[in-house]
Amino acid sequence: MVRMFCNEGRVDMAIGVWEEMKGEGVLPGMHMFSTLIDSLCREKKLQDCCMYLEEMMDMGIRPPGLMFNRLKKALVDEGKEDVVIMLTRRLEKLKTLLVVS
Numbered sequence: 001m002v003r004m005f006c007n008e009g010r011v012d013m014a015i016g017v018w019e020e021m022k023g024e025g026v027l028p029g030m031h032m033f034s035t036l037i038d039s040l041c042r043e044k045k046l047q048d049c050c051m052y053l054e055e056m057m058d059m060g061i062r063p064p065g066l067m068f069n070r071l072k073k074a075l076v077d078e079g080k081e082d083v084v085i086m087l088t089r090r091l092e093k094l095k096t097l098l099v100v101s
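Structure below.
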């Protein structure tokens, strides 16, 4: 349902379903995160994108390169280079943890 709402441009509904699923103990996977973050990025809701990306990485899920690059470009276009640097460093730490584990 999250993907369906995102594809229809109804991201607020997708977030509602997302939160309901999490409340019921259903954990999102990489594809669900990617779908939601991409949709939020298209709507220029970059703060929300970053929040879900942080949640994704907190769960140990590495974001797909294409999605991460789209978000970085959108952030740079908005003058948020500092956020790009912070997220890139965070991703590098996650990569290191995944390799070492």
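Take 1 as the starting number for the sequence shown in my numbering and just add one per residue. Beta carbons are placed, not taken as given, at the ideal position from N, Cα and C, and that holds for glycine. Quick caveat: nothing in here was measured; it's all calculated off a predicted structure.
- Nearest neighbour of Gly29 by Cα position, chosen from Val76, Gly79, Asp82 and Gly60, turns out to be Gly60.
- The criterion of a C-beta distance shorter than 8 Å is satisfied by Tyr52 and Leu36.
- DSSP, read as helix, strand or coil, puts Met59 in coil.
- Counting the other CB atoms within 10 Å of its CB gives Ile85 a total below 16, which places it among the exposed residues.
- Ile15 and Ala74 have their C-alpha atoms roughly 20 Å apart.
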